[in-house]
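If you're matching them up, the sequences are chains C and X in order.
With the first letter of the first sequence counted as 1, position 425 gets the number 425 in this note's numbering; the numbers rise by one all the way through.
With the first letter of the second sequence counted as 1, position 29 gets the number 527 in this note's numbering; the numbers rise by one all the way through.
Cβ atoms here follow ideal geometry from the backbone N, Cα and C, with glycine treated the same way.
As the structure is a computational prediction, the values presented were derived from the model and not from experiment.
This report concerns only the one structure given below.
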Amino acid sequence: MVVTNQLKNQHLLWRAGFGPMAEELNQLTNASQKSYYQALAKASRKTPTYLDVADNYLKGLVMGIDEVGKQQQRRELNEEERRKVRQQMRDDIRSLNLEWMNQMVHSDAQLREKISLFWHGHFASRNLNIFYQQQLLDVIRKNALGKFGDLLKEVSRSAAMINFLNNNQNRKDHPNENFAREVMELFTMGRGNYTENDIKEAARAFTGWGANAKGEFVFRKGQHDFGQKTVLGKTGNFDGDEVLEILLQQKETARFITTKIYRFFVNEQPDADKIEWLSARFYQNGYDISALMEDIFTSDWFYSEKNIGTRIKSPVELLVGIRRILPMELENEEVQLLVQRLLGQVLFYPPNVAGWPGGRNWIDSSSLMFRLRLPQLIHDSDEIRLSPKADDDQMMGMKDQDTKKKAAKAGGNNKGEKAVNRVMRQQIQASINWAPYVKRFEKTPKEKLVGELSKTLLQIPSSLKDQLVMQHADTSSRESFIKTATIQLMATPEYQLC
Amino acid sequence: MVIKRREFLQVGSLATASFMVPKFLKAFEKGQLVPPGNKVLVILQLSGGNDGLNTVIPVRNDIYYKVRPRLGIDKTKALLLNDEVGLHPALTGLRDLYHNGNMGILNSVGYPNPDRSHFRSMDIWHSASRSDEYVNTGWVGRYLDAQCAGCDKPTQALEIDDTLSLALKGENAKALAMRDPRRLYGTSQEKFFKEIVAGHKDEAGEQPVDYLYKTMAETVASADYIFKQSKVHPSNAQYPNSTLGQSFKTIASLIMSDINTKVYYVSLGSFDTHVNQSGQQQRLFTEMNDAITSFVSDLKSNNRFQDVMLMSFSEFGRRVAQNASGGTDHGTANNMFLISGGLKEKGMLNAMPDLADLQEGDLKHKVDFKQVYATILKNWLETDDLKILGRKFDYLSFL
Numbered sequence: 001m002v003v004t005n006q007l008k009n010q011h012l013l014w015r016a017g018f019g020p021m022a023e024e025l026n027q028l029t030n031a032s033q034k035s036y037y038q039a040l041a042k043a044s045r046k047t048p049t050y051l052d053v054a055d056n057y058l059k060g061l062v063m064g065i066d067e068v069g070k071q072q073q074r075r076e077l078n079e080e081e082r083r084k085v086r087q088q089m090r091d092d093i094r095s096l097n098l099e100w101m102n103q104m105v106h107s108d109a110q111l112r113e114k115i116s117l118f119w120h121g122h123f124a125s126r127n128l129n130i131f132y133q134q135q136l137l138d139v140i141r142k143n144a145l146g147k148f149g150d151l152l153k154e155v156s157r158s159a160a161m162i163n164f165l166n167n168n169q170n171r172k173d174h175p176n177e178n179f180a181r182e183v184m185e186l187f188t189m190g191r192g193n194y195t196e197n198d199i200k201e202a203a204r205a206f207t208g209w210g211a212n213a214k215g216e217f218v219f220r221k222g223q224h225d226f227g228q229k230t231v232l233g234k235t236g237n238f239d240g241d242e243v244l245e246i247l248l249q250q251k252e253t254a255r256f257i258t259t260k261i262y263r264f265f266v267n268e269q270p271d272a273d274k275i276e277w278l279s280a281r282f283y284q285n286g287y288d289i290s291a292l293m294e295d296i297f298t299s300d301w302f303y304s305e306k307n308i309g310t311r312i313k314s315p316v317e318l319l320v321g322i323r324r325i326l327p328m329e330l331e332n333e334e335v336q337l338l339v340q341r342l343l344g345q346v347l348f349y350p351p352n353v354a355g356w357p358g359g360r361n362w363i364d365s366s367s368l369m370f371r372l373r374l375p376q377l378i379h380d381s382d383e384i385r386l387s388p389k390a391d392d393d394q395m396m397g398m399k400d401q402d403t404k405k406k407a408a409k410a411g412g413n414n415k416g417e418k419a420v421n422r423v424m425r426q427q428i429q430a431s432i433n434w435a436p437y438v439k440r441f442e443k444t445p446k447e448k449l450v451g452e453l454s455k456t457l458l459q460i461p462s463s464l465k466d467q468l469v470m471q472h473a474d475t476s477s478r479e480s481f482i483k484t485a486t487i488q489l490m491a492t493p494e495y496q497l498c
Numbered sequence: 499m500v501i502k503r504r505e506f507l508q509v510g511s512l513a514t515a516s517f518m519v520p521k522f523l524k525a526f527e528k529g530q531l532v533p534p535g536n537k538v539l540v541i542l543q544l545s546g547g548n549d550g551l552n553t554v555i556p557v558r559n560d561i562y563y564k565v566r567p568r569l570g571i572d573k574t575k576a577l578l579l580n581d582e583v584g585l586h587p588a589l590t591g592l593r594d595l596y597h598n599g600n601m602g603i604l605n606s607v608g609y610p611n612p613d614r615s616h617f618r619s620m621d622i623w624h625s626a627s628r629s630d631e632y633v634n635t636g637w638v639g640r641y642l643d644a645q646c647a648g649c650d651k652p653t654q655a656l657e658i659d660d661t662l663s664l665a666l667k668g669e670n671a672k673a674l675a676m677r678d679p680r681r682l683y684g685t686s687q688e689k690f691f692k693e694i695v696a697g698h699k700d701e702a703g704e705q706p707v708d709y710l711y712k713t714m715a716e717t718v719a720s721a722d723y724i725f726k727q728s729k730v731h732p733s734n735a736q737y738p739n740s741t742l743g744q745s746f747k748t749i750a751s752l753i754m755s756d757i758n759t760k761v762y763y764v765s766l767g768s769f770d771t772h773v774n775q776s777g778q779q780q781r782l783f784t785e786m787n788d789a790i791t792s793f794v795s796d797l798k799s800n801n802r803f804q805d806v807m808l809m810s811f812s813e814f815g816r817r818v819a820q821n822a823s824g825g826t827d828h829g830t831a832n833n834m835f836l837i838s839g840g841l842k843e844k845g846m847l848n849a850m851p852d853l854a855d856l857q858e859g860d861l862k863h864k865v866d867f868k869q870v871y872a873t874i875l876k877n878w879l880e881t882d883d884l885k886i887l888g889r890k891f892d893y894l895s896f897l
């Protein structure tokens, strides 16, 4: 395989972001990777805006501020109100999901959104409180390219994590070790570098760390154990922050995080020498994430053939990538949640605190067949006709918004409106703006079209014969040909890789 | 080209099938579609946390009625199994199975340090992991890994659904999910897909792209194989028109064929009855009862019931006391049904839960669910349970 400049740029854009945008296809042949990376890094330095989708009703009830800003007495909610709150929270988390996906599609700060997605899986938290989720996402997006220590400390104090890992129940006379265990096993050092006793002692340091209903961190003095602890060979009257400091002093932490980042951004197969070099520098640089990213994306080895086209796109990367190269108006945005569910990655609902395992875990017969059909479903607005599994944590006994319309039809209840809604839900109603994409190929000679499309869309050489694509594409006009050939090329195993 | 490839696939399918079931064993008895001894496991997942105490009801327990003044099911309404125990009123078919010696009830099944999140607890049941470890493969998936190194089709385990559960994902092998064989066949037969599979050079490489092509080729081949098998002896029995009823009909049709499937997986839900539990559980149990009743009678009339084991489970039970909304909240230990014509031990397999000995309002588990898995793996599927579960668990005596 010849690693062309275009391929290298696409490699960078797919790994440090969500793939090329239609408008930038022309630059890909000539720009240098260094300049491209500098532009990405620069755009990602801006402080991100807080994504706030929480409904005013909720703000009124939960935060004590109603829609017109008047103070409202906080009081106990009755059952009906609680149900309404849960429902609204769930809807708002759906909105947050869609809003963040829009950022991934449209933001210039591609690097920041991409590494935020990484941290979203690293600091995985299932939580049904929209305020906690918004806050944690903001902590992640703000610190995504800063110092890992700052990120770790802020996440550890976030209401989302404190609640998810039961630290509200971590009290002096009855320690709960959940947070202490996960912070070592999953967030910093990884298994095998600490003892059960280290966990016990560390848990004592986090006693009294809690969060209130507004999502603010609170230190409950009366529940904190001020006594002496020994963690990883160090002894003192440590509090939570000091234990996090001790964890950051461990070189294992730098190695663990670097390995995970390498496997996410470079290659699922770790390369011990590269990781050792990167992690030593990461540690020396005081865990500067930007510097680590720069080390990776400006190295020569990142662009070597063995690292290109070997990553199986996660469902979110796949969907966002399609929306970047084929800009589209989505009439029913929420259908993307159905796609996420069918493919096994719903933002804000990681499978557990270990996050999405990724790689080959994304692929089985049904998920692969659906991935292959996806471009066609978008292009033709065909019915999806698949039901995802219910997520009972999310539903809490309520109706499934993605499938309830289907049930209405199955019952033979053909009230006009319901039937229409159902179809809307189960179709991806997208109108693709093909112009910028098609423009890129306006000068390509006809006989080279399939090859050029293929090089733009796929990160590894396709085993598809040009002839096969031509047979299945619409040859009635040049434009139809480009469109249908593109959809065909996206409906391949090769397109699942970046 | 295309036709030749299909012929090849047909031959391939037959070869696999006859490997699993030697032709000389084929009985000629009337009604004997499959030779005896070809054991099959059917797993029924009750998603959402089924309320076990209103499923298998302690009808003479005062504590039960005291903490469930509104939700408790009266002794006169329960379907009595003995003096102490009754089944939920909707489970008439299961009561008959119980009295005919075709059902075992295992109480107080759970695991140490129970988790009350649906997803996490389901994760633990699917992966058969401890509650403080995270495992990305499922127990049936690891059975596939052990069973079919080098299998050309992932049909040894099938899930009747649109997406595949963690339970059926192994390290190397993954089962296949499908709603019904005809639809799966239709999708996989799309010309473009078939041609790209056919056009890909079969390099047994280790790269992700090879893995994707391998999965795709297996899907196309399996779809063809399953569809053919489903037509060999399609079930003519009456099944309810519910989703679960139709799923069981699909499973029955495959069980009567030569197919090499050892495990079927199907789910029903949601049993997450925080609010107005009675109506919801009644509705779901009616669907479950009617589907199982048709399924068992179909298996019996085709002499397959001896070799089929149906196991039900839920990710957790619910709290012993009712809540203020006519429902129950997430609890811990739960019961399981084991239904088969080939049970060694039947009826009540252990004591009813002790409602006087609770842990913060929840039942204590007495049996680890991994013991059930170990027993089935070893004594029903005849495989190495230690290899699949990674730890040794004491076997139970129902098999």
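| field | Rounded straight-line distance, which links the Cα of C/Asp198 to that of X/Leu901 | value | Shown here, chain X extends from 499 to 897; a query on residue 901 of chain X therefore has no answer.
| task | Compare the C-beta of C/Lys142 with all C-beta atoms of chain X and state if any pair is closer than 8 Å. | result | Along the first sequence, read from residue 1 onward, the residue named residue 142 of chain C stands at position 142. Not closer than 8 Å to any Cβ of chain X, the Cβ of C/Lys142 fails to qualify, so no.
| field | Span of the beta strand (DSSP E), counted from its first residue to its last, around X/Pro679 | value | Stepping through the second sequence from its first residue, residue 679 of chain X is reached at position 181. Not the beta strand (DSSP E): X/Pro679 falls in the alpha helix (DSSP H), residues 679 to 686.
| Which chain X residues are close to C/Asn352, counting only those with a beta carbon under 8 Å from its beta carbon? | Here residue 352 of chain C corresponds to residue number 352 of the first sequence, with the count starting at 1. The answer, in chain order, is Phe617, Arg618, Asp621, Tyr632.
| field | Where X/His926 falls, given that 16 or more other Cβ within 10 Å makes a residue buried | value | Here chain X has residues from 499 to 897 only, and residue 926 of chain X is not among them.
| query | Looking at C-beta atoms only, is the number of pairs between the stretch 242 to 256 of chain C and the stretch 279 to 297 of chain C that lie closer than 8 Å three or more? | reply | yes
| request: May I ask you to list, following chain order, the residues of the stretch 311 to 331 of chain C that have a beta carbon less than 8 Å from some beta carbon of chain X? | output: Arg311, Ile312
| Short CB-CB distance (under 8 Å) between X/Glu693 and chain C | If you number the second sequence from 1, residue 693 of chain X lands on position 195. Yes, X/Glu693 lies at the interface with chain C (some Cβ there is under 8 Å from its Cβ).
| Can the beta-carbon of C/Leu368 be found closer than 8 Å to that of X/Gly697? | In the first sequence, the residue the question calls residue 368 of chain C occupies position 368. In the second sequence, the residue the question calls residue 697 of chain X occupies position 199. No, the pair does not count as a contact, with Cβ atoms beyond the cut-off.
| query | Which residues, in chain order, does the stretch 453 to 480 of chain C contribute to contact with chain X at a C-beta distance below 7 Å? | reply | Ile460, Ser463, Leu464, Lys465, Leu468, His472
| According to a CB-to-CB cut-off of less than 9 Å, which residues of the stretch 808 to 831 of chain X neighbour chain C? | Glu813, Ala822, Ser823, Gly825
| query | Nearest to X/Gly743 by alpha carbon, out of X/Asp660, X/Asn821, X/Ser765? | reply | Taking the second sequence and counting its residues from 1, one reaches residue 743 of chain X at position 245. Minimum Cα distance to X/Gly743 is reached at X/Ser765.
| Identify the residues that DSSP records as bridge partners of X/Phe783: which are they? | Taking the first residue of the second sequence as position 1, residue 783 of chain X is located at position 285. Per DSSP, none; premise fails for X/Phe783.
| request: Whole angstroms is fine: what's the gap from C/Ala124's alpha carbon to X/Asn758's? | output: Translated into the one-based positions of the first sequence, residue 124 of chain C becomes position 124. Translated into the one-based positions of the second sequence, residue 758 of chain X becomes position 260. C-alpha separation (whole angstroms): 39 Å.
| query | Is DSSP giving C/Met171 helix, strand or coil here? | reply | Along the first sequence, read from residue 1 onward, the residue named residue 171 of chain C stands at position 171. The sequence given here places Arg at residue 171 of chain C; Met does not occur at that position. Reduced to three states, the DSSP call for C/Arg171 is strand.
| Which one of X/Glu582, X/Ala671, X/Gly845, X/Gly547 has the shortest CA to CA distance from X/Asp852? | Start at 1 with the first residue of the second sequence, and residue 852 of chain X comes out as number 354. Cα-wise, what sits closest to X/Asp852 is X/Glu582.
| field | C-beta contact flag for X/Val718 and X/Val695 at 8 Å | value | Start at 1 with the first residue of the second sequence, and residue 718 of chain X comes out as number 220. Start at 1 with the first residue of the second sequence, and residue 695 of chain X comes out as number 197. Cβ distance < 8 Å, so X/Val718 and X/Val695 count as in contact.
| message | On a Cα-Cα basis, can you pick out the residue from C/Phe265, C/Ala202, C/Arg220 that is closest to C/Lys234? | response | Position 234 of the first sequence, counted from the start, is the residue given in the question as residue 234 of chain C. For the residues C/Phe265, C/Ala202, C/Arg220, the minimum Cα distance to C/Lys234 belongs to C/Ala202.
| Checking contacts by CB at 8 Å: is X/Val532 closer than that to chain C? | Position 34 of the second sequence, counting from 1, holds the residue named residue 532 of chain X. It does not: the Cβ of X/Val532 has no partner Cβ on chain C nearer than 8 Å.
| task | With distances taken Cα to Cα, identify the nearest neighbour of C/Ala508 among C/Arg112, C/Glu81, C/Gly227. | result | Shown here, chain C extends from 1 to 498; a query on residue 508 of chain C therefore has no answer.
| Can a CB atom of chain X be found closer than 8 Å to the CB of C/Ile378? | As a first step, residue 378 of chain C is located in the first sequence; it is residue number 378 there, counting from the start. With 8 Å as the cut-off, C/Ile378 does not count as an interface residue toward chain X.
| field | CB contact flag (X/Lys876, X/Asp866, <8 Å) | value | As a working mapping, residue 876 of chain X is identified with position 378 in the second sequence. As a working mapping, residue 866 of chain X is identified with position 368 in the second sequence. Against a cut-off of 8 Å, the Cβ pair of X/Asp866 and X/Lys876 comes out as no contact.
| message | Rounded to the nearest angstrom, what separates C/Thr447 and C/Leu326 at their Cα positions? | response | As a working mapping, residue 447 of chain C is identified with position 447 in the first sequence. As a working mapping, residue 326 of chain C is identified with position 326 in the first sequence. In the sequence as displayed, the identity of residue 447 of chain C is Glu instead of Thr. C/Glu447 and C/Leu326: Cα-Cα distance of roughly 23 Å.
| Buried versus exposed call for C/Gln87 [16 or more other C-beta atoms within 10 Å across all chains shown] | Within the first sequence, the letter at position 87 stands for residue 87 of chain C. Flag for C/Gln87 reads exposed.
| request: Report all residues from its chain with a CB closer than 6 Å to the CB of X/Asp788; omit the five preceding and five following residues, and keep chain order. | output: Looking up residue 788 of chain X in the second sequence gives position 290. Closer than 6 Å at the Cβ level, and outside the excluded window around X/Asp788, lie Pro738.
| message | For the beta strand (DSSP E) containing X/Tyr609, name the first residue and the last one. | response | What you label residue 609 of chain X is simply residue 111 of the second sequence in a count that begins at 1. Note, X/Tyr609: premise wrong, no beta strand (DSSP E); not H, not E.
| Under a CB-based cut-off of 8 Å, is X/Lys667 close to chain C? | Here residue 667 of chain X refers to the residue found at position 169 of the second sequence. Taking Cβ atoms only, chain C reaches closer than 8 Å to X/Lys667, which makes this a yes.
| query | Ends of the beta strand (DSSP E) at X/Phe803? | reply | Start at 1 with the first residue of the second sequence, and residue 803 of chain X comes out as number 305. Counting along the chain, X/Phe803 falls outside any beta strand (DSSP E), and DSSP gives it neither H nor E.
| field | Backbone secondary structure at X/Val718 - three-state DSSP | value | Taking the first residue of the second sequence as position 1, residue 718 of chain X is located at position 220. In this structure, X/Val718 counts as helix in the three-state DSSP scheme.
| said: Output needed for C/Asp390: all residues of its chain with C-beta closer than 7 Å, excluding positions within five of it in sequence on either side, in chain order. | reply: For this step, residue 390 of chain C is matched to residue 390 along the first sequence. According to the sequence shown, residue 390 of chain C is Ala rather than Asp. So the qualifying residues of the chain are Asp400.
| Segment limits, alpha helix (DSSP H) that includes C/Thr258 | As a working mapping, residue 258 of chain C is identified with position 258 in the first sequence. Run containing C/Thr258: 251 to 265, per the alpha helix (DSSP H) assignment.
| What residues in its chain sit with their C-beta under 6 Å from that of C/Cys498, if we drop five residues either side in the sequence? | For the purposes of this step, residue 498 of chain C is taken as residue 498 along the first sequence, with counting starting at 1. Contacts found: Trp14, Arg311, Lys313, Gln459.
| request: Return the residue from the list X/Thr873, X/Tyr632, X/Val532, X/Ser625 that minimises the CA-CA distance to C/Ala354. | output: What you label residue 354 of chain C is simply residue 354 of the first sequence in a count that begins at 1. Closest option to C/Ala354, Cα to Cα, is X/Tyr632.
| What residues in the stretch 479 to 497 of chain C have a beta carbon less than 8 Å from any beta carbon of chain X? | Gln488, Ala491, Thr492, Pro493, Glu494, Gln496, Leu497
| C/Phe219 and C/Val266: beta carbons closer than 8 Å? | In the first sequence, the residue the question calls residue 219 of chain C occupies position 219. In the first sequence, the residue the question calls residue 266 of chain C occupies position 266. Not closer than 8 Å, so no.
| task | Would you tell me roughly how many angstroms separate the C-alpha atoms of X/Lys885 and C/Gly17, rounded to the nearest one? | result | In the second sequence, the residue the question calls residue 885 of chain X occupies position 387. In the first sequence, the residue the question calls residue 17 of chain C occupies position 17. The straight-line gap from Cα to Cα measures roughly 41 Å.
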